[in-house]
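Read the structure below first, then the notes.
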Amino acid sequence: MNALDKILVVQTSFLGDAVLTTPLLAALRRLFPQAELAVLCTPQAKSIFVGNPNADTIITDDKRGEGRGLTGMWRMAKVLRSRGFKIALSPHKSLRSALLLFLAGIPCRIGFRQSAGWFFYLRRVDRDPTSHDVIRNLSLLRALEIAPAERRGDLRVETEPRACEDVGHLFRSLGIRREGVIFGINPGSVWPTKRWAAEGYAELMAHLTRKYCCQILLFGAPEDQKIAARIQELSGNLGINLVGRMDLQGLACALEWCDLFITNDSGPMHIAVARGVPVVSIFCATTPALGFYPYSSRAVVIEKDLPCRPCGSHGGRRCPLGTEDCMRLVTAEDVMRGVEGLLNSGPASVDQHLPEFITV
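Following our numbering, the numbering of the sequence shown begins with 5 at its first residue and continues without gaps.
As structure tokens, then:
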């Protein structure tokens, strides 16, 4: 491979998937320091890659907006073709991503053998269902005959100084101080069955305020305002509601204020890991075995042992059984066990990328 070749990494799935792609970019940079590295992502995920030294170029594909349909895909293919990429690696398993790279005429197209569009890839790698998604993404390097020693890495999300200044101004205006313990809570998720019950979060906040001299910050997207309002109502407004008040760059900056982040299985969970914040994550409809658990030993995963889990690779819009047991039966005491263990004893694992798993 020529050191000046242009390499494209494609990840147009969810925010968390974008974060989990950053070690692949880092590995490519180490291996091919002179190559131009580009990433293709959704407009929503662009801020995940902004400032990343391993992404020379960020190209956005608005596949659910202006870029939707065959016309939009063909338009994007022409953009990619004009850039002259020689190699493309696609951790994204969709048919659209594979077809897009084929239409772009990129000569070396690498993807998973289990992808819906596997036949559009010229080099294919088996996707190990038992591995963490970071390791699966890095396994694409096998198609370039890369030694296993190169296939490790940490998550990376950079912050912009202006975004952090804005967060600082907002926090000071709300009376948030860098003193005592600061807990961040993310109660939302794109998928409803991945959201721990509002009652659980409210009770947890009561436990936290009794045990610690703390401030509790509620984070989330605008669409999470309903669940945040419910949590505040049930808890008697024990938290400071920041839901809908900052973008992803703001969240990344705000996480630097947090001593610990409590969250559902979601994109913000992976952003917190990338920013080096200890994480307690409640897994409801999904399971860690799917490979998307927090990629850090400074993390604890809490889950309920139920035969119906997982009910899908992403969770779902509603519980197929109508019970919502995975969301209801994890208790605030269960989550406090993870919080206390992480704050008191630090990481429990000798593997820097393996969290502690607590099944209740």
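We put the beta carbon where it would ideally sit given N, CA and C, even for glycine.
CB contact flag (residue i, residue j, <8 angstroms)
| i | j | result |
| --- | --- | --- |
| ALA167 | GLY224 | no |
| ALA42 | LYS10 | yes |
| ALA59 | LEU29 | yes |
| ILE306 | ASP338 | yes |
| THR46 | ARG160 | no |
| GLN15 | PRO95 | yes |
| LEU264 | VAL284 | yes |
| PHE89 | LEU12 | yes |
| ARG127 | CYS112 | yes |
| LEU103 | GLY121 | yes |
| VAL304 | GLU164 | no |
| TRP261 | ARG140 | no |
| GLY192 | ASP251 | no |
| ILE180 | ILE244 | yes |
| LEU208 | ALA293 | no |
| PHE361 | ILE266 | no |
| GLY301 | GLN219 | The residue you asked about is not Gly; residue 301 is Ser in the sequence shown. Result no, Cβ atoms of SER301 and GLN219 do not sit closer than 8 angstroms. |
| GLY342 | SER135 | no |
| LYS308 | VAL281 | no |
| HIS211 | VAL23 | no |
| VAL4 | ILE63 | The requested residue 4 is not part of the displayed model; the chain covers only 5 to 364. |
| LYS67 | ARG100 | yes |
Integer Cβ distance of residue i from residue j, believed to fall under 8 angstroms
| i | j | result |
| --- | --- | --- |
| ALA289 | ARG313 | 7 angstroms |
| ALA81 | ALA108 | 5 angstroms |
| MET340 | TRP200 | Not confirmed; about 13 angstroms, so no contact. |
| VAL247 | ALA232 | 4 angstroms |
| TYR414 | VAL138 | Limits of the chain in this structure are 5 at one end and 364 at the other, which puts residue 414 out of reach. |
| PHE124 | LEU105 | 7 angstroms |
| GLY271 | GLY20 | 4 angstroms |
Beta-carbon proximity list for residue i, same chain, < 6 angstroms, skipping 5 on both sides
| i | result |
| --- | --- |
| ALA206 | ILE235, LEU238, SER239 |
| GLU149 | none |
| GLY319 | TRP195, THR197, LYS198, ALA289, THR290 |
| ILE110 | PHE89, ALA92 |
| ASP65 | THR16, LEU44, GLY71, MET80 |
| PRO351 | Here the model assigns PRO351 a pLDDT of 49, short of 50, so the residue's position is not dependable, and the following value carries that caveat. If we look at PRO351 and ignore the five residues flanking it on each side, its Cβ neighbours are SER301, ARG302. |
| TYR216 | VAL185 |
Beta-ladder partner(s) of residue i, from DSSP
| i | result |
| --- | --- |
| LEU391 | Past the edges of the chain, shown from 5 to 364, lies residue 391, and the structure says nothing about it. |
| GLU360 | VAL304 |
| CYS112 | ILE91 |
| SER101 | DSSP lists no partner for SER101. |
| ILE220 | PHE187 |
| ARG127 | ILE114 |
| VAL284 | ILE266, VAL304 |
| ASN245 | LEU222 |
Own chain, CB closer than 8 angstroms to residue i, minus 5 neighbours either side, in chain order
| i | result |
| --- | --- |
| GLN118 | LYS97, ASP130, ARG131 |
| LEU221 | ILE180, ILE186, PHE187, GLY188, ILE189, GLY243, ILE244, LEU246, ALA258, TRP261, CYS262 |
| ALA202 | PRO191, ILE231, ARG234, ILE235, LEU238 |
Contact set for residue i: own chain, Cβ-Cβ below 7 angstroms, skip 5 residues either direction
| i | result |
| --- | --- |
| GLU344 | none |
| LEU325 | CYS312 |
| PRO226 | GLY248 |
| LEU358 | SER301 |
Proximity test, residue i beta-carbon vs the ligand GDP heavy atom, cut-off 7 angstroms
| i | result |
| --- | --- |
| ASN141 | No copy of the ligand GDP occurs in the structure displayed, which carries no ligand at all. |
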